DNA sequence: GACAAACATAACGTTAACGTCATGTTTGTC
DNA sequence: GACAAACATGACGTTAACGTTATGTTTGTC
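Protein chains in written order, with the UniProt record's numbering: chain A, 1 to 129; chain B, 1 to 129.
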């Protein structure tokens, strides 16, 4: 039962710094985790998952503001037909964007690799005088 | 023969502002295009292509500094007098980074897809009363 | 050759996304 | 219960990637 953890564990598990966590709290990207009494903040597994998802979305090219607008749809089930339709639309959009980006990166990767091989070839030929 | 154009045409064709062009010149991302005499800058088709390529690479998540490391590979006939061993090292780093990014995005893509299917399933079941 | 539009240069400003530093409090361990 | 490690809060700093403002010069058209 790791019911809750403090910021040290959180940052380590999510791979972020404590300043990132505080910043995200301050802009409402993640819940603040404050508890009464001692002034300590306590977090759960969900916060870890949220931070990881945020990182993924960032890599997709979304700003934190954009992420804030949609992050909940990855964690909370919308009830009702219309909200669900809306979520589905956004998810499909993200899927398409991810596909595009993956494709672009694969092309980029191929370009880089071709160049690497070109250089390696150059060194090889030079070696043999 | 559009041998050369001035900054107005350049920015329009490449879809950037003149400040972006100046900034890129200042950090050595594109040649400065200065000519003697009148103080005007003249650019060619290659500059347009360069700007577009830069934009493409930015969308993949590369910083301008990273782009500067590799942009010439897309336009120059390498060989210049560049330190090839160094370029090769940089290229290998970029290859590794690209692989990581691709992997991350594929994981993300899989998550989204699972999510989408979950929603579709929900709609399907509901359809059948 | 007058004159507006396009251009050049310089300096300061801005925004996102955190980092760093300073200082005081809580927790956990001996 | 002493004490180091972990944590909290606040204020100021930083970096990338440009934007904005101000002022003077060139170009192209009538």
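Don't be surprised by glycine CBs; every beta carbon is placed ideally from N, CA and C. Everything numeric in this text was worked out from a predicted model, so none of it was measured.
Q) What separation, rounded to the nearest whole angstrom, lies between the Cα atoms of residue 127 (chain B) and residue 80 (chain A)? A) 14 Å
Q: Can you grab the Cα-Cα spacing for the pair residue 110 (chain B) / residue 32 (chain B), in whole Å?
A: 44 Å
Q | Contact list for the stretch 83-112 of chain B against chain A, Cβ threshold 9 Å | A | 84, 85, 87, 88, 91, 92, 94, 95, 98, 99, 101, 102, 104, 105, 106, 107, 108, 109, 111 and 112
Q: Report yes or no: do three or more beta-carbon pairs, one from the stretch 85-102 of chain A and one from the stretch 115-127 of chain B, lie closer than 8 Å?
A: yes
Q) Within 8 Å (strictly less), CB to CB, does residue 59 (chain A) reach chain B? A) yes
Q) With which residues is residue 43 (chain A) paired in a DSSP beta bridge? A) A:5
Q. Between A:12, A:47, A:11 and A:16, which lies nearest to residue 28 (chain A) when the distance is taken from Cα to Cα?
A. A:47
**Q.** Beta-carbon contacts of residue 117 (chain A) that lie in its chain and below 8 Å, excluding the five residues immediately before and after
**A.** none
(Q) Let's see if you can read the secondary structure: which residues bound the alpha helix (DSSP H) around residue 159 (chain B)? (A) Lying before the first or after the last residue shown, residue 159 (chain B) is absent from chain B, which here runs from 1 to 129.
Q) Roughly how far, in whole angstroms, is the beta-carbon of residue 113 (chain B) from the beta-carbon of residue 105 (chain A), given that I think they are within contact range, below 8 Å? A) Actually they are not in contact, since the Cβ atoms of residue 113 (chain B) and residue 105 (chain A) sit about 18 Å apart, beyond 8 Å.
Q | Among A:38, A:11 and A:22, nearest to residue 49 (chain A) - alpha-carbon criterion | A | A:11
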